[in-house]
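**Q** There's a structure below that I have some questions on.
There are 2 protein chains.
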Amino acid sequence: MQALGRHLLLELFDCDAEALNSLEVVKTSMVEAAKRAQATIVDVIFHEFNPFGISGVVVIAESHLAIHTWPEYRYAAVDVFSCGDVLQPQAAADHLMEQLGAARASGVELQRGIFVNSPMAMPHKPMAVRG
Amino acid sequence: MQALGRHLLLELFDCDAEALNSLEVVKTSMVEAAKRAQATIVDVIFHEFNPFGISGVVVIAESHLAIHTWPEYRYAAVDVFSCGDVLQPQAAADHLMEQLGAARASGVELQRGIFVNSPMAMPHKPMAVRG
Chain G
1 MQALGRHLLL
11 ELFDCDAEAL
21 NSLEVVKTSM
31 VEAAKRAQAT
41 IVDVIFHEFN
51 PFGISGVVVI
61 AESHLAIHTW
71 PEYRYAAVDV
81 FSCGDVLQPQ
91 AAADHLMEQL
101 GAARASGVEL
111 QRGIFVNSPM
121 AMPHKPMAVR
131 G
Chain F
1 MQALGRHLLL
11 ELFDCDAEAL
21 NSLEVVKTSM
31 VEAAKRAQAT
41 IVDVIFHEFN
51 PFGISGVVVI
61 AESHLAIHTW
71 PEYRYAAVDV
81 FSCGDVLQPQ
91 AAADHLMEQL
101 GAARASGVEL
111 QRGIFVNSPM
121 AMPHKPMAVR
131 G
């Protein structure tokens, strides 16, 4: 069965609470994670919430990475959505675990856009950004 | 079992290919979907890919909505990630199905950030944006 996208849902537990509450740390870690996964970064958008937590998305030519942090629970939810065979979600996961000090992690990888009876090879999303 | 986040993964099939290839249609549909879900919109970011497809994220105070479209397959992958009890992902899903002309759809809702043994009530993410 072939799919258009791969979607890693990563749960990071027992992280460094200070790291999870720092916009700079979270943003820098996510951008570097995207680079290590071999992603082509298109846009980066991060916000800090009051009193706790960071939300951010790295839009990549191959789809996106997203994070939401709960410093008060030392927990972060990370998504790595990709299409094509180039991206290495594991490299992104490894970097984030290290930078955010995650003592425990769990993950699930899902396939998105499965066409059960498709006779065609599934091309990956074109890489060029028009606008 | 209580969780910090709810994550709806929505698969839209047999959509209107023209709608899926229009940055304006996809963006407008996603922003309105976020509003109908009762989300507080923080940021909106959409890109058009060459030759096909739109990727976009609506960052909301309650987490995010994301979409990736494959007009050539008449398929779109949608994520509605939320925390708290306010958001109504179903309203977002209904609106997107209608606007993108999805003849078929399937969805899975996952819980993110489950703390099995937590004695605490799980608060939702604070709504105010700091920066």
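Top to bottom, those sequences are chains G and F.
All letters in the first sequence, in the order written, are residues 1 to 131 by the numbering used here.
All letters in the second sequence, in the order written, are residues 1 to 131 by the numbering used here.
Ideal Cβ placement from N, Cα and C applies to all residues, glycine included.
1) Quick check for students: name the residue ranges of the beta strand (DSSP E) that lie wholly in the segment 68 to 108 of chain F, counting only runs of 3 or more.
2) Hey, how far is the Cα of Ala33 of chain G from the Cα of Gly107 of chain G?
3) Determine, using beta carbons only, whether Pro71 of chain G and Leu23 of chain G come nearer to each other than 8 Å.
4) Who pairs with Leu10 of chain F in a beta bridge, going by DSSP?
5) Is Arg36 of chain F closer than 8 Å to Glu109 of chain F when the C-beta atoms are compared?
6) Could you name the residues that DSSP lists as bridge partners for Asp43 of chain G?
7) From the DSSP output, in three-state form, read off Ala17 of chain G for me.
8) So, is the C-beta of Val31 of chain G closer than 8 Å to a C-beta in chain F?
9) Who are Glu48 of chain F's beta bridge partners in DSSP?
10) What does Ser63 of chain G touch in chain F if you count any residue whose Cβ is under 8 Å from its own?
11) Classify Ala3 of chain G as helix, strand or coil using the three-state DSSP reduction.
12) Pull up the distance between the alpha-carbon of Ala66 of chain G and that of Glu48 of chain F, whole angstroms please.
13) Quick test of your reading: Val58 of chain G and Val31 of chain G, contact by CB under 8 Å. State the CB separation rounded to the nearest angstrom.
14) Helix, strand or coil for Ala37 of chain F, going by three-state DSSP, please let me know.
15) Using a Cβ cut-off of 9 Å, which residues of the segment 96 to 116 of chain F contact any Cβ in chain G, in chain order?
16) When the Cα of Ala102 of chain F is compared with those of F:Met1, F:Glu11, F:Cys83, F:Gln88, which residue comes out closest?
17) Taking C-alpha atoms, which residue in F:Gln99, F:Asp79, F:Cys83 lies nearest to Leu8 of chain F?
18) Taking Phe115 of chain F as the reference, give the member of G:Leu96, G:Gln88, G:Tyr73 with the closest Cα.
19) Kindly say whether Ala19 of chain F, judged by its beta-carbon, lies nearer than 8 Å to any beta-carbon of chain G.
20) Check distances from the C-beta atoms of the segment 73 to 91 of chain F to those of chain G and list, in chain order, the residues that come in under 9 Å.
21) Have a look at Ala3 of chain F and Arg112 of chain F and give me their C-alpha separation to the nearest angstrom.
22) I want to verify the contact list: residues of chain F whose CB lies under 7 Å from the CB of Leu8 of chain G, in sequence order.
23) If we define contact as Cβ-Cβ less than 8 Å, is Asp43 of chain F a contact residue for chain B?
24) So which residues of chain G does Val59 of chain F contact, with C-beta pairs closer than 7 Å?
25) Give me the residue from F:Phe52, F:Ala77, F:Ala61 with the minimum Cα distance to His64 of chain G.
26) Just how far apart, CA to CA, sit Val86 of chain F and Ala39 of chain F?
27) If you count every other CB in all the chains shown that lies within 10 Å of the CB of Met97 of chain F, and 16 or more means buried, which is it?
**A** Quick look at the numbers:
1) 75 to 82
2) 16 Å
3) no
4) F:Val78, F:Gly107
5) no
6) G:Val59
7) helix
8) no
9) F:Ile54
10) Ser55, His68
11) strand
12) 19 Å
13) 6 Å
14) coil
15) Val108, Leu110, Arg112, Gly113, Ile114, Phe115
16) F:Glu11
17) F:Asp79
18) G:Tyr73
19) no
20) Tyr73, Tyr75, Ala76, Ala77, Asp79, Phe81, Cys83
21) 6 Å
22) Neighbours of Leu8 of chain G on chain F: none; closest Cβ ~12 Å, over 7 Å.
23) Reference to chain B is not applicable here, since the protein chains of this structure are G and F.
24) Ile45, His47, Ser55, Val57
25) F:Ala77
26) 8 Å
27) buried
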